[in-house]
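First the structure, in the form of structure tokens, and then the observations on it.
Residue numbers (my numbering): 328 to 438.
Below you can see the structure in the form of structure tokens.
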């Protein structure tokens, strides 16, 4: 299902224009969360659920998935977005990631 969604443009401190979707769908949110949980093991001990086996690369994988799903264009170009964003200065990259955390619900769901 490909529906048109509202987007917004942000400009990074390095003057890169990035168009992002203004929200994540439930499907997108679940795909992002799966990056965190795919290698994890859940154990219930004394009625408390504990997450074990958390992969240290899961944060990077979740960030890449978020970029893939929620960035529409970078400097007017829609191709090869993830790699092009990863090649930006770290300040620009971090500004984009922070903006995406706001719209993807990741700031509301700590793991």
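C-beta: ideal position from N, C-alpha, C; glycine also. It should be emphasised that the depicted structure is a prediction, and the values quoted were computed from it without experimental measurement.
Using only the alpha-carbon positions, how far apart do residue 340 and residue 422 sit? Against the chain shown, residue 340 aligns to sequence position 13. Against the chain shown, residue 422 aligns to sequence position 95. Roughly 8 angstroms between the two C-alpha positions.
Close beta carbons around residue 392, own chain, < 7 angstroms, minus the five adjacent residues each side: Residue mapping note: residue 392 aligns to position 65 of the chain shown, counting from 1. Closer than 7 angstroms at Cβ, skipping near neighbours: 358, 359 and 362.
Taking buried to mean at least 16 other C-beta atoms within 10 Å of its own C-beta, is residue 405 buried or exposed? In the chain shown, counting from the first residue as 1, residue 405 sits at position 78. Answer is exposed; the Cβ neighbour count stays below 16.
So, helix, strand or coil for residue 390, using DSSP? The count along the chain shown starts at 1 and reaches residue 390 at position 63. Three-state DSSP puts residue 390 in a helix.
Please classify residue 283 as buried or exposed, where buried requires at least 16 neighbouring CB atoms within 10 angstroms. The structure shown does not extend to residue 283, since the chain is modelled only from 328 through 438, so no value can be given for it.
Is the beta carbon of residue 348 sitting closer than 8 angstroms to the one on residue 334? Within the chain shown, numbered from 1, the residue matching residue 348 stands at position 21. Within the chain shown, numbered from 1, the residue matching residue 334 stands at position 7. Their beta carbons are under 8 angstroms apart, which means residue 348 touches residue 334 by this criterion.
Could you check if residue 376 is buried or exposed, using at least 16 other CB atoms within 10 Å of its CB as the buried criterion? Position 49 of the chain shown, counted from the start, is the residue given in the question as residue 376. Answer is exposed; the Cβ neighbour count stays below 16.
Output the residue ranges of the beta strand (DSSP E) runs that lie fully inside the stretch 399-424 and measure 3 residues or longer, sorted by chain position. none
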